[in-house]
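Have a look at the structure below before the remarks.
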Amino acid sequence: MDSQLIDRILSSVEKPARYMGGELNMTQKTDAELRFALAFPDVYEIGMSHLGSRILYHILNARENTICERVFAPWPDMERALRENGVSLFTLETKRPLADCDVIGFSLLYEMCYTNILTMLELSGLPFHSKARDGSMPLIVCGGPCACNPEPLAPFVDAFLIGDGEELIEEFADAVLKAKQQGWDKLTLLRSIAQIPGIYVPSFYEPVYDETGRFQRMAVIEPGAPHRITRRVVKDLEHAPYIGKPIVPYMSIVHDRIALELFRGCTRGCRFCQAGHIYRPVRSRSVEKCMEYGKESLAFSGYHEITLLSLSTSDYRGLNELCDGLMDYCESRGIGLSLPSLRADNFSMDIMQRVQKVRKSGLTFAPEAGTQRLRDVINKNVTEEDLLRSCAVAFQGGWNSVKLYFMLGLPTETDEDVLGIAELADRVVHCWRENSPNRSHGLRVTVSTSCFVPKPHTPFQWEPQVTREEYMRRVTLLRDNMKARAVTYNWHDADTSLTEAVLSRGDRRLGAMIENIWRQGGFLESWSEGFDLKRWERAAEEEGISFPFYANRERSLDEVLPWDHLYMGVNRRHYIHEYEQAHKGLLSPDCRAQCSGCGAAAFLKGGRCDG
Numbered sequence: 004m005d006s007q008l009i010d011r012i013l014s015s016v017e018k019p020a021r022y023m024g025g026e027l028n029m030t031q032k033t034d035a036e037l038r039f040a041l042a043f044p045d046v047y048e049i050g051m052s053h054l055g056s057r058i059l060y061h062i063l064n065a066r067e068n069t070i071c072e073r074v075f076a077p078w079p080d081m082e083r084a085l086r087e088n089g090v091s092l093f094t095l096e097t098k099r100p101l102a103d104c105d106v107i108g109f110s111l112l113y114e115m116c117y118t119n120i121l122t123m124l125e126l127s128g129l130p131f132h133s134k135a136r137d138g139s140m141p142l143i144v145c146g147g148p149c150a151c152n153p154e155p156l157a158p159f160v161d162a163f164l165i166g167d168g169e170e171l172i173e174e175f176a177d178a179v180l181k182a183k184q185q186g187w188d189k190l191t192l193l194r195s196i197a198q199i200p201g202i203y204v205p206s207f208y209e210p211v212y213d214e215t216g217r218f219q220r221m222a223v224i225e226p227g228a229p230h231r232i233t234r235r236v237v238k239d240l241e242h243a244p245y246i247g248k249p250i251v252p253y254m255s256i257v258h259d260r261i262a263l264e265l266f267r268g269c270t271r272g273c274r275f276c277q278a279g280h281i282y283r284p285v286r287s288r289s290v291e292k293c294m295e296y297g298k299e300s301l302a303f304s305g306y307h308e309i310t311l312l313s314l315s316t317s318d319y320r321g322l323n324e325l326c327d328g329l330m331d332y333c334e335s336r337g338i339g340l341s342l343p344s345l346r347a348d349n350f351s352m353d354i355m356q357r358v359q360k361v362r363k364s365g366l367t368f369a370p371e372a373g374t375q376r377l378r379d380v381i382n383k384n385v386t387e388e389d390l391l392r393s394c395a396v397a398f399q400g401g402w403n404s405v406k407l408y409f410m411l412g413l414p415t416e417t418d419e420d421v422l423g424i425a426e427l428a429d430r431v432v433h434c435w436r437e438n439s440p441n442r443s444h445g446l447r448v449t450v451s452t453s454c455f456v457p458k459p460h461t462p463f464q465w466e467p468q469v470t471r472e473e474y475m476r477r478v479t480l481l482r483d484n485m486k487a488r489a490v491t492y493n494w495h496d497a498d499t500s501l502t503e504a505v506l507s508r509g510d511r512r513l514g515a516m517i518e519n520i521w522r523q524g525g526f527l528e529s530w531s532e533g534f535d536l537k538r539w540e541r542a543a544e545e546e547g548i549s550f551p552f553y554a555n556r557e558r559s560l561d562e563v564l565p566w567d568h569l570y571m572g573v574n575r576r577h578y579i580h581e582y583e584q585a586h587k588g589l590l591s592p593d594c595r596a597q598c599s600g601c602g603a604a605a606f607l608k609g610g611r612c613d614g
């Protein structure tokens, strides 16, 4: 590719560092037998903050016969520049056109990024549809949390890699390399990788619908393809490969710090939480291994902040020991330590004193619901007393700001539950007045609400989403009852939540709608600058898609769901039990106190989780 032309293009766009490459610790190989493009369907700042992509980048480049390079969705100015100059979308490392790669692998973190995949394919000169791409073109694969319902993207993708990628990506790469060496055609390659546990080849299956348009079953149309695809699980996280020397961007990214993964999975069992179910069972790293990775990442990057990452960081058994060990290293170097995902029921002065030694990070709690009744419905084992006790500890320690996250539209929610959020915020303000030793700086309480989106592979996968109008009515009700001056209320817009729900629970028919939206100019739909609900509604009408059918319709427990042929490790019986417990307002115990028998422990040797 013409380097001078690329230089001219980069000099004309707003943030050329998004496309330059050349960062500290970037891997650059001249060539290798297998060329893999690790694609993120959003801009650089978001993609470079994704820990999973960093891990895969390290694993693939550690292979002598493989080169892995990165590519991100371009901002509109770069998209225009590529089109005007007739230049293909290219990788950061060697400016290789994507069409010259053997594999393009997309990480699916958010449904609203789906149209970006089509833009990236089109900018690469590649047909959208899997059936239109032959063996001379790159294989298009996807992984990540959204792959647990891959059907809306099925027409465009050759294969989905379901579950943990550390081992699966190596087996997949070996198969593609063998196919290339032996000159297999595309069908032979797809048949081969379909036999690898955790890989779903959608062209080998055909959805069947009844006369009312409801999904009935997934028919296997390729002999030998598995009837059910089981998610891959890394059983031994302690010895799994990690990120090595982290790439250090030239520009600020969303999470501009070292992220240290402590454990994978969660024992809490919140009924709305997809991550808490699809990442089961809990698998931990030892304190010693976390210390090793944390110090190595800091030493080779120059970052001055490290965050301890998991779905519920304060549940890590060795947290105090790890914090002490890291602070011995960090404090003398001016490196900050932050702990996101704290639980209000196990926050302590001990933890707080550890994290504020270098600098104070923000305090965030997620009660999710405003009343204890509704918190019991969603199995959020946190009480109002837990939250106020944690706030009191923080205020006594000198904190004067706290963020509280809630959802509106949760199953069984009433106006009393909505008003409970305002009442809880008022009690936090009162708690500060009673406990703050220094009230001269004032208090800031930020209350944020989002609209509940029912997700596949959760006990609430059968629940309806409230309509946009109803969500906004509840937002108005809450806003009008926020009385304390110290409280700021923010809410997520209803339009993107509706669209997310449609895509989250969609079937293969949505592929036509996604392509229609793209042809109308849909790009960067996860950004307010790019999203246009009218465009989505117009495309849905033209393709015969009903938003209420997918988003606002309650499903019966015996309805077959478009993702039922994918087994994430939690059995349907457990989901139904938790759904029934929710409608009875009953809590289920933490997995550490009592095994729920969800099925996920079967992935591990001895059938026992680390939690």
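Each position in the sequence shown, counted from 1, maps to that position plus 3 in the working numbering.
Glycine is no exception: its CB is placed at the ideal position from the N, C-alpha and C atoms.
Close Cβ partners of residue i (< 6 Å) along its chain, the five nearest in sequence each way excluded
i: Met254; result: Ala20
i: Phe275; result: Ile381, Phe463
i: Asn152; result: Pro459, Trp566
i: Met29; result: Ile250
Residue nearest to residue i in terms of C-alpha spacing, selected from the options
i: Phe476; options: Val456, Cys434, Gly412; result: Looking at the sequence itself, residue 476 is Arg, so the reference to Phe does not match. The shortest C-alpha separation from Arg476 is found at Gly412.
i: Met81; options: Ser549, Thr215, Tyr47; result: Tyr47
i: Thr215; options: Glu562, Ala605, Arg234, Tyr582; result: Glu562
i: Glu154; options: Arg576, Pro457, Val505; result: Val505
i: Cys394; options: Ala428, Arg511, Glu472, Ile424; result: Ala428
i: Met294; options: Gly328, Ala42, Tyr282, Ala302; result: Gly328
i: Arg575; options: Cys601, Phe550, Pro565; result: Cys601
i: Trp521; options: Leu240, Arg511, Phe534; result: Phe534
i: Pro459; options: Leu126, Gln198, Ile281; result: Ile281
i: Gly227; options: Val251, Arg217, Glu583, Leu190; result: Leu190
i: His586; options: Phe207, Val179, Glu416, Glu388; result: Glu416
i: Ala150; options: Asp510, Gln523, Lys608; result: Asp510
i: Phe266; options: Asp420, Gly279, Pro44; result: Gly279
i: Phe218; options: Leu8, Glu324, Trp566; result: Trp566
i: Asp10; options: Arg194, Ile517, Phe93; result: Phe93
i: Ser500; options: Asp483, Thr461, Met410, Thr449; result: Met410
i: Tyr208; options: Thr367, Gln597, Glu225, Ser195; result: Glu225
i: Asp177; options: Ile199, Leu156, Ala157; result: Ile199
i: Arg595; options: Arg286, Leu513, Asp389, Thr461; result: Arg286
i: Val106; options: Thr122, Leu63, Thr118; result: Leu63
i: Leu59; options: Leu171, Ala135, Phe75; result: Leu171
Close-in-space but distant-in-sequence residues of the same chain around residue i (CB under 7 Å, 5 per side omitted)
i: Tyr332; result: Lys298
i: Glu466; result: Pro414, Pro457, Glu557
i: Ala497; result: Cys454, Arg471, Tyr474, Met475
i: Glu114; result: Cys149, Glu503, Leu506, Ser507
Check whether residue i and residue j have beta carbons under 7 Å apart
i: Tyr296; j: Tyr245; result: yes
i: Asn438; j: Phe398; result: yes
i: Ser14; j: Ala84; result: no
i: Leu54; j: Ala262; result: yes
i: Leu95; j: Arg66; result: no
i: Asn493; j: Ser451; result: yes
i: Val223; j: His230; result: yes
i: Leu314; j: Cys269; result: yes
i: Leu589; j: Lys238; result: no
i: Ala102; j: Ser127; result: yes
i: Cys145; j: Asp45; result: no
i: Arg260; j: Glu334; result: no
i: Arg346; j: Ser304; result: no
i: Pro252; j: Met23; result: no
Short CB-CB distance (under 7 Å) between residue i and chain D
i: Gly524; result: The chain labelled as chain D is not found in the depicted structure, where only one protein chain is given.
Per-residue burial, residue i [other beta carbons within 10 Å of its own, 16 or more giving buried]
i: Val257; result: exposed
i: Gln468; result: buried
i: Gly547; result: exposed
i: Ser507; result: buried
i: Leu8; result: exposed
i: Met4; result: exposed
i: His444; result: exposed
i: Pro551; result: exposed
i: Gly401; result: exposed
i: Pro592; result: exposed
Supposed close pair residue i, residue j - CB separation, criterion 8 Å
i: Arg447; j: Asn403; result: 7 Å
i: Leu312; j: Glu264; result: 5 Å
i: Gly108; j: Phe39; result: 7 Å
i: Pro148; j: Leu112; result: 6 Å
Other residues of its chain near residue i: CB distance less than 8 Å, five sequence neighbours each side excluded
i: Asn68; result: Ala35, Glu36, Leu37, Leu180
i: Arg99; result: Met4, Arg38, Ala40, Glu72, Phe93
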